[in-house]
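K.L.:
Attaching a single structure in structure tokens format; questions to follow.
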Amino acid sequence: MKFTHKQKSKKLRASAMLGPIVFWTLLGLSSLYTKNHNEKIIKNYIKNDLKYEMANQEQILGIKYLGTPNIEYHMQPEIINLAPGAYDAETDTIYINLHLLTERKSLKQDLLRVKKTLNHELGHFYTDKLSERLGKKDLFKFARGENYLGVEVYPERLILEGIAEYFDIEVNGGAHSFKDTDWPTDLDAFNKTTAIYLGGYHLVKPIIDLYGEKGIECLIQNMPTKEDLLDIPEYQNKILGKLEEKTMWFLFE
Numbered sequence: 229m230k231f232t233h234k235q236k237s238k239k240l241r242a243s244a245m246l247g248p249i250v251f252w253t254l255l256g257l258s259s260l261y262t263k264n265h266n267e268k269i270i271k272n273y274i275k276n277d278l279k280y281e282m283a284n285q286e287q288i289l290g291i292k293y294l295g296t297p298n299i300e301y302h303m304q305p306e307i308i309n310l311a312p313g314a315y316d317a318e319t320d321t322i323y324i325n326l327h328l329l330t331e332r333k334s335l336k337q338d339l340l341r342v343k344k345t346l347n348h349e350l351g352h353f354y355t356d357k358l359s360e361r362l363g364k365k366d367l368f369k370f371a372r373g374e375n376y377l378g379v380e381v382y383p384e385r386l387i388l389e390g391i392a393e394y395f396d397i398e399v400n401g402g403a404h405s406f407k408d409t410d411w412p413t414d415l416d417a418f419n420k421t422t423a424i425y426l427g428g429y430h431l432v433k434p435i436i437d438l439y440g441e442k443g444i445e446c447l448i449q450n451m452p453t454k455e456d457l458l459d460i461p462e463y464q465n466k467i468l469g470k471l472e473e474k475t476m477w478f479l480f481e
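Position one of the sequence shown corresponds to residue 229 (this note's numbering), numbered consecutively onward.
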């Protein structure tokens, strides 16, 4: 019987969910903390558990990290009220936006939101380092342009945010209701968060489930065109076909 990458990781997921002492101990504490107190505790959690979170992803997703990212907590003024986290490929730095992530004044809620954000941004770091290993330099160059949210970069955002969402949802759990019938019928509609993030996850999930790291490689080496965005199921089938063909060649070599 042939097992997919996803099936092989199910038993690993159960043991990995036990978690490190720092995170789960903090999660059980009272939520009656001030915002500043929560920020200090969260920084301590990330300092102590970053490598655990990376090892947990490696175990569940069947990947291997190349290096460790830097962590910063001061976001650029123009996005401090917009994004819970960010990744800077030039400096290998993950930004955790405590301004947004500690707004609920509940330590439990804050920690869970930070954990999800950290896993998402680690997905960007991993993809960046993988692309460099494949010789595809500066995969995230588009994120530094003035037209970061423009239609020209929708294809890159769809794939990269989809992969990062996969790293979060597959590790932390969660469900989504995005369906093929939810794909936008015109390019302008791709500026919605649902299409880029949950749609991106919906697109990459069956590919990474079946092929793991090889699936991620194929996605970043075969980014969709703007025309592909108007028929995402067809693009998805094209990627799956490429991977199946490569697998067959490997088996018969």
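Where a beta carbon is used, it is the ideal one built from N, C-alpha and C, also for glycine.
These numbers come from a predicted model, not from an experiment.
(1) Could you tell me the alpha carbon to alpha carbon distance between D459 and D410, rounded to whole angstroms?
(2) L362 and Q449 - do their beta-carbons sit closer together than 8 Å?
(3) What are the partner residues of I324, as DSSP defines its beta bridges?
(4) Return the residue from the list L328, G440, D320, Y315 that minimises the CA-CA distance to D264.
(5) Looking at C-alpha atoms only, which residue of N272, I269, I291, Y280 is the closest neighbour of Y394?
(6) Whole alpha helix (DSSP H) runs in the region 342 to 403 with 4 or more residues, listed along the chain?
(7) Going by the beta-carbon positions, is the gap between D356 and A392 smaller than 8 Å?
(8) Report the partner residues of E300 according to the DSSP bridge assignment.
(9) So does the region 301 to 315 actually touch the region 275 to 289, counting three or more Cβ pairs closer than 8 Å?
(10) Among E462, L340, N309, N298, whose alpha-carbon lies nearest the alpha-carbon of V399?
(11) Terminal residues of the continuous alpha helix (DSSP H) containing G290?
(12) Among residues of its own chain, excluding the 5 on either side of L495, which ones have a beta-carbon nearer than 6 Å to its beta-carbon?
(13) Can you give the Cα-Cα distance for P412 and P452, rounded to whole angstroms?
(14) Alpha carbons only, please: which of L431, L457, D338, D396 is nearest the one belonging to A417?
(15) Contact defined as beta carbons within less than 8 Å: I believe I387 pairs with G428. What is the distance between those atoms, to the nearest angstrom?
(16) Determine whether the beta carbon atoms of L350 and E281 lie at a separation below 8 Å.
(17) Whole-angstrom Cβ separation of I435 and Q464, contact assumed at under 8 Å?
(18) Note down, in chain order, each residue of its chain lying with its Cβ closer than 6 Å to the Cβ of G443, except the 5 sequence neighbours on either side.
(19) Which residues in the same chain have their Cβ closer than 7 Å to the Cβ of I397, if we skip the five residues on either side of it in sequence?
(20) Which parts of the region 425 to 460 are runs of the alpha helix (DSSP H), unbroken and 4 residues or longer, counting only runs that do not cross its ends?
(21) Exposed or buried, I324, counting other C-beta atoms within 10 Å across all chains shown (16 or more means buried)?
P.N.:
From the atom records:
(1) 12 Å
(2) yes
(3) G313
(4) Per the sequence presented here, residue 264 reads as Asn, with Asp not at that position. Ranking the options by Cα distance to N264, first place goes to L328.
(5) I291
(6) 382 to 400
(7) no
(8) Y323
(9) no
(10) L340
(11) Premise fails: G290 is in no alpha helix (DSSP H) and is neither H nor E.
(12) Residue 495 is absent from the model: the chain starts at 229 and stops at 481.
(13) 15 Å
(14) L457
(15) 7 Å
(16) yes
(17) 7 Å
(18) I435, I436
(19) Y429
(20) 427 to 449
(21) buried
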